[in-house]
Amino acid sequence: MADKLVELKTINKMFSGVSVLKNVDLSVYAGEVLCLVGENGSGKSTLIKIISGVYPYEGGELYLAGKHFAKPTPTQSINEGIQVIYQDFSVFSNLTVAENIAMSSNIQNKKKIVNWRRNHKIASEALKKIDVKMDLEAELASLSVAQKQIVAISRAISQKAKLIIMDEPTTALTRKEIDRLFEIIRGLKAQGIAIIFVSHKLDEVFEICDRIAVIRSGEIVVDLPVEEFPRDKLVYYMIGKDIQEECFACSPSAENPMIRVNNISRRGEFRNVSFSVRPGEILAITGQLGSGRTELALSLFGINPIQSGEIFIQGKKVKIKNQREARKLGIAYLPEDRLSEGLYMNRSLGDNFSSVIISQLKNRFGIIKNAVLESNSNYWIEKLGMTRKRYTTPASDFSGGNQQRIVLGKWLATSPKIFVLNGPTVGVDVKSKSEIHAVIKDLAAQGMAVIIISDDIGEILSTSSKVIVMRDHHIIFEGNTCDISHQELNAQILSSQAN
Amino acid sequence: MIKRIVLKNEFLSLSMILLFGIIFGIANPTFLSLINILDLLKMCVKPAIFACGVMIVLISGGIDMSFLWIGMFSAYSTSKLFSIVQANGTIVPFAVILLVSMFIGALLGSINSLLVSKFRIPVFIATLSSANIFMGIMFQFVGSEYIFPEQMPQSMIEFSNKLLFSFPSQGGTLVGLHVSVLYAIAALLITHLVMRYTMMGRSVYALGGDASSAERVGFSLIKTNLFVFMMAGLIAGLAGAIAISNIQVANPYDFQGQELTVTAAVIIGGTRVTGGKGSVLGVALGVLLTNLISQNLILVGVPPEYNKFVFGLLIIFATIVQAVQERARKALYRGL
Numbered sequence: 000m001a002d003k004l005v006e007l008k009t010i011n012k013m014f015s016g017v018s019v020l021k022n023v024d025l026s027v028y029a030g031e032v033l034c035l036v037g038e039n040g041s042g043k044s045t046l047i048k049i050i051s052g053v054y055p056y057e058g059g060e061l062y063l064a065g066k067h068f069a070k071p072t073p074t075q076s077i078n079e080g081i082q083v084i085y086q087d088f089s090v091f092s093n094l095t096v097a098e099n100i101a102m103s104s105n106i107q108n109k110k111k112i113v114n115w116r117r118n119h120k121i122a123s124e125a126l127k128k129i130d131v132k133m134d135l136e137a138e139l140a141s142l143s144v145a146q147k148q149i150v151a152i153s154r155a156i157s158q159k160a161k162l163i164i165m166d167e168p169t170t171a172l173t174r175k176e177i178d179r180l181f182e183i184i185r186g187l188k189a190q191g192i193a194i195i196f197v198s199h200k201l202d203e204v205f206e207i208c209d210r211i212a213v214i215r216s217g218e219i220v221v222d223l224p225v226e227e228f229p230r231d232k233l234v235y236y237m238i239g240k241d242i243q244e245e246c247f248a249c250s251p252s253a254e255n256p257m258i259r260v261n262n263i264s265r266r267g268e269f270r271n272v273s274f275s276v277r278p279g280e281i282l283a284i285t286g287q288l289g290s291g292r293t294e295l296a297l298s299l300f301g302i303n304p305i306q307s308g309e310i311f312i313q314g315k316k317v318k319i320k321n322q323r324e325a326r327k328l329g330i331a332y333l334p335e336d337r338l339s340e341g342l343y344m345n346r347s348l349g350d351n352f353s354s355v356i357i358s359q360l361k362n363r364f365g366i367i368k369n370a371v372l373e374s375n376s377n378y379w380i381e382k383l384g385m386t387r388k389r390y391t392t393p394a395s396d397f398s399g400g401n402q403q404r405i406v407l408g409k410w411l412a413t414s415p416k417i418f419v420l421n422g423p424t425v426g427v428d429v430k431s432k433s434e435i436h437a438v439i440k441d442l443a444a445q446g447m448a449v450i451i452i453s454d455d456i457g458e459i460l461s462t463s464s465k466v467i468v469m470r471d472h473h474i475i476f477e478g479n480t481c482d483i484s485h486q487e488l489n490a491q492i493l494s495s496q497a498n
Numbered sequence: 000m001i002k003r004i005v006l007k008n009e010f011l012s013l014s015m016i017l018l019f020g021i022i023f024g025i026a027n028p029t030f031l032s033l034i035n036i037l038d039l040l041k042m043c044v045k046p047a048i049f050a051c052g053v054m055i056v057l058i059s060g061g062i063d064m065s066f067l068w069i070g071m072f073s074a075y076s077t078s079k080l081f082s083i084v085q086a087n088g089t090i091v092p093f094a095v096i097l098l099v100s101m102f103i104g105a106l107l108g109s110i111n112s113l114l115v116s117k118f119r120i121p122v123f124i125a126t127l128s129s130a131n132i133f134m135g136i137m138f139q140f141v142g143s144e145y146i147f148p149e150q151m152p153q154s155m156i157e158f159s160n161k162l163l164f165s166f167p168s169q170g171g172t173l174v175g176l177h178v179s180v181l182y183a184i185a186a187l188l189i190t191h192l193v194m195r196y197t198m199m200g201r202s203v204y205a206l207g208g209d210a211s212s213a214e215r216v217g218f219s220l221i222k223t224n225l226f227v228f229m230m231a232g233l234i235a236g237l238a239g240a241i242a243i244s245n246i247q248v249a250n251p252y253d254f255q256g257q258e259l260t261v262t263a264a265v266i267i268g269g270t271r272v273t274g275g276k277g278s279v280l281g282v283a284l285g286v287l288l289t290n291l292i293s294q295n296l297i298l299v300g301v302p303p304e305y306n307k308f309v310f311g312l313l314i315i316f317a318t319i320v321q322a323v324q325e326r327a328r329k330a331l332y333r334g335l
């Protein structure tokens with residue numbers, strides 16, 4: 000048996016009287032990849048923070064590298080070889096690759112003077128361990144997200160990490176970059192370094208992990224090697240009930256398309272794209288990052304207007320030159336990055352819900368009454384199933400799933416005819432995901448034309464009636480979701496890898 | 000390789016110095032005379048030393064509005080103190096004057112740091128208010144009258160007359176490299192070494208880049224902040240004392256309104272306004288460039304009132320060039 004790097008025995012943790020972790024038993028062995036799967040709020044992050052010494056634990060025992068720690072500190076945890084790579088990587092975009100990698104080990108060794116040659120050595124050794132070549136003098140701001148992640152991993156390695164905890168490492172990566180990350184993880188594993196891989200994406204979990212531990216409401220409900228893990232049961236373990244993944248058959252409420260685009264192009268982004276969506280239909284547009292799918296969505300919303308081709312809305316030819324025109328035509332757009340583009344994070348729920356329709360809420364003196372704001376918000380709170388939420392709470396206080404609901408509600412308030420959703424459930428846990436899907440389907444049933452941009456195959460198959468696959472800026476596949484299997488669609492999306 | 004040099008932030012000020020140098024040289028051949036160059040270097044001394052402190056605060060992510068008043072407070076109080084000591088018959092060496100002034104500056108800087116890290120007041124507001132407080136305290140408790148050469152500590156006057164490699168000019172006056180230029184070079188060099196080769200210096204870059212990441216990798220933000228403002232204060236104390244010595248008069252209003260000229264030089268030299276980036280070499284070039292322009296604009300027939308106008312254009316131009324460089328750097332490294 001390999002060395003036990005971390006051992007948790009009946010660990011308990013309470014936050015203001017609420018039990019967050021209940022009798023958690025978990026061990027991590029050298030050279031294994033353990034996936035920690037759980038919904039938002041299941042206790043995943045608390046568990047990570049206990050292992051890394053950020054939070055103290057209450058009941059039970061914690062062993063790091065065989066040593067008992069009653070009250071571990073972050074420094075002790077680092078000294079035992081435990082490294083956490085957070086979603087934001089905690090790297091410095093204004094510094095070079097070499098300095099970023101070497102910085103932590105300089106701090107750890109209480110260096111007062113910087114030896115740049117030593118920095119370079121530390122960095123190139125760490126990069127060599129994961130077999131990656133990178134310009135050590137490049138400033139991080141000029142690198143891609145995936146390259147920054149590699150820097151964060153190298154930094155962990157340079158601190159003699161024995162266990163690297165990665166918090167949702169694949170969220171912002173393309174498929175190609177994910178493959179590269181997995182290669183790196185396998186390489187680390189071969190060197191005896193253990194990985195705790197925290198993820199929402201079920202496909203990835205089975206692809207990379209040796210062992211899967213599912214945490215639900217603070218308890219480890221199952222902890223099995225991947226070979227013995229019943230694949231179809233994972234979602235059940237995570238949320239405690241089954242969610243059906245079946246194809247979505249739509250019933251368009253009218254024959255004439257709500258929106259029809261004919262041969263639209265925009266230089267360098269997409270070319271000769273044609274499709275139509277009828278009221279009640281849900282069209283999925285998929286493809287890899289950079290295939291042109293997001294650019295297409297932005298054009299439909301007037302952010303980057305098309306340069307040629309035609310767009311018809313309810314049979315009438317229209318020009319969408321900016322967002323204001325798009326909104327007037329009844330188009331709503333849910334952006335990919337809700338944190339920076341979709342929400343006023345520090346404003347209240349009520350303010351967010353009313354932000355797009357603010358001109359409709361004001362009275363004839365241009366004044367907005369609180370009561371109007373409240374009734375508008377309460378309507379959407381109820382409609383979106385966000386029970387027991389107050390309209391005065393700031394958006395930043397909500398979980399990912401609820402934040403996505405707020406953005407949805409904000410746009411639904413404009414009563415759009417066409418709704419373009421870019422990555423509607425990115426970073427949202429399984430349960431909220433299926434609830435958001437239900438909302439989307441409900442919208443279509445009411446006669447809205449919906450376009451979903453997504454790379455989540457399960458999501459596409461279970462929510463859309465038609466699917467378009469893009470590659471190299473044009474459409475390479477078009478079909479009904481009921482006629483294509485998960486694997487076939489996956490193959491279509493990945494086909495670009497071949498060339 | 001050439002591409003990388005072009006993409007360096009210092010490249011802009013260097014090429015502008017060459018450009019303006021050529022223009023001024025053609026327009027007026029006396030520009031390239033030794034006397035003119037020596038004069039330019041002496042002119043740069045005060046802004047160059049102040050600029051070191053301004054750069055450190057800018058890198059940490061803040062804008063310092065108090066450095067001139069810290070400089071004046073320290074230098075004025077020091078010369079007043081030692082003019083009294085001198086009146087009682089004790090002559091104090093110049094080094095002691097500098098050290099006392101730097102000490103006072105560091106002390107005032109630590110007050111800034113307290114405001115910023117303890118009370119979480121934004122740097123701009125904290126230093127804007129502290130500048131006024133320092134000014135008020137000085138006028139109330141130290142004095143507001145001029146200190147004339149007769150009362151000034153002797154060593155300061157001696158310093159101001161000290162020339163290296165002096166020779167008589169055509170007019171018969173003695174010209175040479177003023178000794179304070181060496182002090183400025185030393186200040187620049189030490190700032191460079193501290194910022195580049197100590198972990199403390201690097202922590203300032205980390206703080207300016209991303210404060211929460213800096214905390215997470217294990218830097219103490221309180222310590223770094225204290226360092227930033229004590230260094231800035233210490234440098235301001237040094238700059239103030241040298242500037243007062245050079246003009247042989249302590250005029251409490253002498254530095255007023257020069258905040259932006261110094262800050263502009265630092266920014267034109269490639270220091271990023273939002274923090275995290277900046278180099279001493281760039282700052283030195285930025286100071287050289289701005290002083291070159293204000294010294295010589297008149298030689299090419301532009302009235303001195305247009306100095307500020309040209310500075311304003313230069314800042315806009317520098318900011319645009321930096322943005323273009325940033326984008327080009329991305330294109331250069333993404334491909335790897």
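Here the protein sequences come in this chain order: A and B.
Oh and the first sequence: position 276 is 275 in numbering that gives the first Met the number 0, straight run, nothing missing.
Oh and the second sequence: position 321 is 320 in numbering that gives the first Met the number 0, straight run, nothing missing.
Glycine is no exception: its CB is placed at the ideal position from the N, C-alpha and C atoms.
Residues of chain A with a Cβ closer than 7 Å to the Cβ of Gly-208 (chain B) are, in chain order, Phe-91, Ser-92, Asn-93, Leu-94.
Close CB contacts of Leu-63 (chain A) within its chain, under the 7 Å cut and outside five residues either way in sequence, are with Val-5, Pro-71, Ser-76, Glu-79, Ile-81 (chain order).
A Cβ-Cβ distance of about 5 Å is found for the pair Lys-147 (chain A) and Phe-88 (chain A), placing them in contact under the 8 Å criterion. Within the same chain, and ignoring the five residues on either side of Leu-39 (chain B) in sequence, the residues whose Cβ sits closer than 7 Å to its Cβ are Asn-290, Leu-291, Gln-294. Against chain A, the beta carbon of Ala-205 (chain B) has neighbours under 8 Å at Phe-91, Leu-94, Met-102, listed in chain order.
Gly-408 (chain A) sits away from Ser-431 (chain A), with the two beta carbons spaced by 8 Å or more.
A direct Cα-Cα distance of roughly 7 Å separates Gln-287 (chain A) from Arg-174 (chain A).
Per DSSP, Phe-166 (chain B) is one residue of the beta strand (DSSP E) stretching across 162-167.
Counting every other CB atom within 10 Å of its CB across the protein chains shown gives Leu-163 (chain B) a total below 16, marking it as exposed.
Neighbours of Asn-105 (chain A) across chain B, judged by C-beta separation under 7 Å: Met-198. At least one CB of chain B lies nearer than 8 Å to the CB of Glu-138 (chain A). Contact between Pro-224 (chain A) and Arg-210 (chain A) holds, with the beta-carbon distance rounding to 5 Å and staying under 8 Å.
The residue from A:Ile-281, A:Ile-238, A:Phe-269, A:Tyr-235 with its alpha-carbon nearest to that of Met-257 (chain A) is A:Ile-281.
By the criterion of a C-beta distance shorter than 6 Å, Leu-297 (chain A) is surrounded in its chain by Asn-303, once the five residues flanking it on both sides are discounted.
Annotation note: the segment 84-148 of chain A contains the following uninterrupted alpha helix (DSSP H) runs of length 4 or greater, listed N- to C-terminal: 96-107, 115-128. In this model, Phe-269 (chain A) and Phe-205 (chain A) are separated by some 34 Å (Cα to Cα).
In the displayed model, Leu-328 (chain A) falls within coil according to three-state DSSP, outside both helix and strand.
Listed along the chain, the chain A residues whose CB falls inside 7 Å of the CB of Arg-215 (chain B) are Ser-89.
Residue-level contact check: Phe-310 (chain B) does not touch chain A, since none of the beta carbons of chain A fall below 8 Å from its beta carbon. Distances from the CA of Leu-17 (chain B) to each of B:Ala-86, B:Leu-287, B:Ala-125 were compared; the closest alpha carbon is that of B:Leu-287. Take Asn-479 (chain A), set aside five residues on each side of it, and the residues of its chain with a beta-carbon closer than 7 Å to its own are Ser-464, Lys-465, in chain order.
B:Ala-240 is the residue among B:Ala-240, B:Val-141, B:Ser-128 whose C-alpha sits nearest the C-alpha of Ser-154 (chain B). For the alpha helix (DSSP H) assignment, the uninterrupted runs of no fewer than 4 residues enclosed by the segment 245-271 of chain B are, from N- to C-terminal side, 258-267. No Cβ of chain B is located within less than 8 Å of the beta carbon of Lys-3 (chain A).
With a cutoff of 8 Å on beta-carbon distance, Ile-121 (chain A) and Ser-92 (chain A) are scored as not near each other. Residue contact with chain B for Ile-305 (chain A): absent (no Cβ-Cβ distance below 8 Å to any residue of chain B).
With distances taken between CA atoms, Leu-187 (chain B) lies nearest to B:Pro-46 out of B:Pro-46, B:Ile-58, B:Ile-315, B:Met-101.
In this structure His-177 (chain B) is buried. Its beta-carbon is surrounded by 16 or more other beta-carbon atoms within 10 angstroms. In the three-state DSSP reduction, Ile-310 (chain A) falls in the strand class (E or B). If you look at Pro-224 (chain A), you'll find it isn't in any alpha helix (DSSP H); it sits in the beta strand (DSSP E) that goes 218-224. Secondary structure of Glu-304 (chain B) (DSSP, three-state): helix. In the same chain as Gly-104 (chain B), and ignoring 5 residues on each side of it, the C-beta atoms closer than 6 Å to its own belong to Ile-69, Ser-73, Gly-232, Leu-233, Ala-235, Gly-236, in chain order. The count of Cβ pairs closer than 8 Å, one atom from the segment 82-93 of chain B and one from the segment 301-317 of chain B, stays below three, leaving the stretches out of contact.
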